[in-house]
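Asks:
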Amino acid sequence: MKKKHVSLFCNCLAGIISSLSTSLLSTGSLSISLGPVDFGPVRFGALDLQLSNTAHAQILESSEPSATEALAAANTLSQRAARLYQQGRYAEAIPLMEQALTLEESVFGDSHPEVANTLSNLALLYQEQGQYSEAQPYSERALTIRVETLGETHLDTAYSLDSLAGIYKNLGNYESALLLYEQAIAIYELDYQRNTRTNYLGIATSLNNLAGLYKIQGNYIAARARYERMLSIYESALGPDHLSVATGLNNLADLDRLEGDYETALVRYKRALGIREAQLDARHPSIATSLNNLAALYQTQENYSRAQSLYERALNIRIAALGNQHPEVAASLNNLAELHRLQEEYGVALRLHERALAIWQETRGASHPDVATSLNNLAEVYRGLEKYLKALELHEQSLAIRESALGAGHPAVGSSLNNIAGLYQAMGDFESAGLFYERALAIMQVALGESHPDVVTIAENLTSLRENVPVETEEF
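Taken in order, the sequence shown gives residues 4 to 479; the numbers are from the working numbering.
In structure tokens, the structure reads:
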């Protein structure tokens, strides 16, 4: 049977948003390639890295010269950490920020807003390295302090809610993440309605993050509404060539790609990449994001040589900027593996997928949807090698994770069912194949609509199966 390639995109990654691309073969193979989208601007700036007026007042009131010296040293350490952060040297920044935290706690105690600022920065540094479990306690403690000292509707509280939601999202705790994102947006909206000197861009950033979560959950209508409002705010407030506009364009393009509108996606991806290349160093991770997503689009169009070149550039940038064990590096390894698999270069694909899986299991945990994606894609390599039992084992593991983490009606669950159907078909178990194709088709029709390319392909898979199943004839 001739294979035909289509694409489906789902969002799965990270503390910076992520996009998934998928390739669907008419024989039943659906493999997802991952790549970060963007969470938009992160806050690691003046408020967090300089002493507030309150802090200065407390220093002046203190009769202890050691307190002044301690806070001056903490401020110096924080500034050094900020410079390292801006250079992408996150691991080097962490011990400096930890020293600053110890000094501030010695002066202010454990529950001061300045301490919350430093805790928040530490959480961000761990997030940037994909160490979400390590980031979580710092972020939770920062939120607790800000609620107790600044109030539930303070803008710093909104920032903490948004930041902690991103950590929960990356750990697969979507219910908690959704609740915190909505609380953060409510605070930003309330502040704006009061006509204070609010940063309206905070609403845009939270909308962007919430949209990314809706995209993970397969709620594309809700995701698009929030992405479009976010992009409108950025363009109005910052102008058409701002880096935040590139973030919005990139994330809307991912949604276009999810819904099969590849022409619109290409226009937006190219515009986002142009903005970033004009303003950022060529080795910046955001450029890797644009390269990755543009490559995934070329992959859906079967332009494999162009896709491979862009994937490799993205991988090299990420390794240099983020280190070998970062989830974004795993995403690039996964995408390259899928490209080799589509070209039946199974040995290369197997090695790359195994590296990606090991990174995701270490950084995300065994029950995260990204691990399910990696298992799914690794299973497809084994299917190409005709090791069907191994492939079935991996697909069943992937399906179990997706059903638990994403819900039974998510497109990723449909893709797993489709792939299992294809496996049964290859093994000659046509009855089981038909049942799994029917389940996959029902889910995809509801999630994506009748006209989506992947819905059409699964329907063709089922039709082809029914037309080619050997008919048993009764002998007399």
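Beta carbons: idealized from backbone N, C-alpha and C, even for Gly.
1) Check whether the stretch 368-388 touches the stretch 179-192, counting contact only when three or more Cβ pairs, one atom from each stretch, lie closer than 8 Å.
2) Smallest Cα separation from Phe433: which of Leu468, Thr460, His245 and Ala450?
3) So, Ile278 versus His245, is the Cβ gap smaller than 9 Å?
4) Between the alpha carbons of Gly251 and Ala285, how many angstroms are there, rounded?
5) Quick one: is Leu270 buried, meaning 16 or more other Cβ sit within 10 Å of its Cβ, or exposed?
6) Relative to the alpha-carbon of Ala333, which residue among Ser418, Leu297 and Thr376 has its alpha-carbon at the smallest distance?
7) Run the CB neighbour count on Ser308, radius 10 Å, all protein chains shown included, and call it buried at 16 or more, exposed below.
8) Under the three-state reduction of DSSP, which class applies to Val40: helix, strand or coil?
9) I'd like the ranges of any alpha helix (DSSP H) spanning at least 4 consecutive residues and lying wholly in the stretch 109-147.
10) Just how far apart, CA to CA, sit Met447 and Asp457?
11) Can you give me the Cβ contacts of Arg227 inside the same chain, cut-off strictly under 6 Å, excluding the 5 residues immediately before and after it?
12) Helix, strand or coil for Thr466 per DSSP?
13) Alpha carbon to alpha carbon, how far is Tyr391 from Ser114? Give it in angstroms, no decimals.
14) Threshold first: 4 residues or longer. Then list the alpha helix (DSSP H) segments lying entirely within the stretch 369-443, N to C.
15) Counting C-beta neighbours from all protein chains within 10 Å, is the total for Tyr237 16 or more, i.e. buried, or is it exposed?
16) To the nearest angstrom, how far is it from the Cα of Gly387 to the Cα of Tyr349?
17) Would you report the Cα separation of His455 and Tyr440, rounded to the nearest angstrom?
18) How is Asp457 classed by DSSP in three states: helix, strand or coil?
19) Please name the residue in Gln428, Asp373, Ser293 and Glu453 whose C-alpha comes closest to that of Val416.
20) Return the Cβ separation of Ala443 and Ala424 in integer angstroms, given the expectation that the two are a contact with Cβ distance under 8 Å.
21) Evaluate Pro116 with the Cβ neighbour count: other Cβ atoms within 10 Å of its Cβ, from every protein chain shown; 16 or more gives buried, anything less gives exposed.
22) Three-state secondary structure (DSSP) at Gln328?
23) Nearest to Gly431 by CA position, among Glu463, Leu409, Glu389 and Gly452, is which residue?
24) Counting only the same chain and skipping the five closest in sequence on each side, list residues whose C-beta sits under 6 Å from that of Tyr385.
25) CA-CA distance, Pro243 and Asp264?
Replies: Considering the structure as presented:
1) The answer is no - the stretch 179-192 does not touch the stretch 368-388, with fewer than three Cβ pairs under 8 Å.
2) Residue mapping note: residue 433 aligns to position 430 of the sequence shown, counting from 1. Ranking Leu468, Thr460, His245 and Ala450 by CA distance to the CA of Phe433 puts Leu468 first.
3) Within the sequence shown, the letter at position 275 stands for residue 278. Within the sequence shown, the letter at position 242 stands for residue 245. Contact: yes.
4) The residue you call residue 251 lines up with position 248 of the sequence shown. The residue you call residue 285 lines up with position 282 of the sequence shown. If you draw a straight line from the Cα of Gly251 to the Cα of Ala285, it comes to about 20 Å.
5) In the sequence shown, counting from the first residue as 1, residue 270 sits at position 267. Reading off the sequence, residue 270 comes out as Val, not Leu. Label assigned to Val270: exposed.
6) The residue given as residue 333 occupies position 330 in the sequence shown. It is Thr376.
7) Stepping through the sequence shown from its first residue, residue 308 is reached at position 305. Answer is exposed; the Cβ neighbour count stays below 16.
8) Position 37 of the sequence shown, counted from the first residue, corresponds to residue 40. Model confidence at Val40 stands at a pLDDT of 32, short of 50, so the residue's coordinates are unreliable; what they give is reported in the following sentence. Annotated three-state conformation of Val40 is coil, per DSSP.
9) Entirely contained in the stretch 109-147, the alpha helix (DSSP H) runs reaching 4 residues are, in chain order, 116-131.
10) Numbered from 1 along the sequence shown, position 444 holds the residue referred to as residue 447. Numbered from 1 along the sequence shown, position 454 holds the residue referred to as residue 457. Roughly 8 Å separates the two Cα atoms.
11) The residue labelled residue 227 in the question sits at position 224 within the sequence shown. Taking Arg227 as the centre and dropping the five residues before and after it, the same chain places the C-beta of Leu258 closer than 6 Å to its C-beta, in chain order.
12) Reading the sequence shown from its first residue, position 463 is the one you call residue 466. Helix, per DSSP.
13) Here residue 114 is taken as the residue at index 111 of the sequence shown, counted from 1. Here residue 391 is taken as the residue at index 388 of the sequence shown, counted from 1. Their Cα atoms are separated by approximately 57 Å.
14) With a minimum length of 4 residues, the continuous alpha helix (DSSP H) runs that stay inside the stretch 369-443 are 372-387, 391-409 and 414-429.
15) Here residue 237 refers to the residue found at position 234 when the sequence shown is read from its first residue. Around the beta carbon of Tyr237, 16 or more other beta carbons sit within 10 angstroms, so the residue counts as buried.
16) As a first step, residue 387 must be located in the sequence shown, where it is residue number 384. As a first step, residue 349 must be located in the sequence shown, where it is residue number 346. Rounded to the nearest whole angstrom, the CA to CA distance from Gly387 to Tyr349 is 7 Å.
17) Here residue 455 refers to the residue found at position 452 of the sequence shown. Here residue 440 refers to the residue found at position 437 of the sequence shown. If you draw a straight line from the Cα of His455 to the Cα of Tyr440, it comes to about 16 Å.
18) Within the sequence shown, the letter at position 454 stands for residue 457. In the structure shown, Asp457 sits in a helix (DSSP, three-state: H, G or I).
19) Position 413 of the sequence shown, counted from the start, is the residue given in the question as residue 416. Checking every option, the nearest Cα to that of Val416 belongs to Asp373.
20) Start at 1 with the first residue of the sequence shown, and residue 443 comes out as number 440. Start at 1 with the first residue of the sequence shown, and residue 424 comes out as number 421. Contact between Ala443 and Ala424 holds: their C-beta atoms lie close to 6 Å from each other, under 8 Å.
21) Numbered from its first residue, the sequence shown carries residue 116 at position 113. Burial call: buried.
22) The count along the sequence shown starts at 1 and reaches residue 328 at position 325. For Gln328, the three-state secondary structure derived from DSSP is coil.
23) The sequence position of residue 431 within the sequence shown is 428, counting from 1. Selected option, being the one with the closest Cα: Glu389.
24) In the sequence shown, counting from the first residue as 1, residue 385 sits at position 382. Here the set comprises Lys393 and Ala394.
25) For the purposes of this step, residue 243 is identified with residue 240 of the sequence shown, where counting begins at 1. For the purposes of this step, residue 264 is identified with residue 261 of the sequence shown, where counting begins at 1. Distance between the alpha carbons of Pro243 and Asp264: 22 Å.
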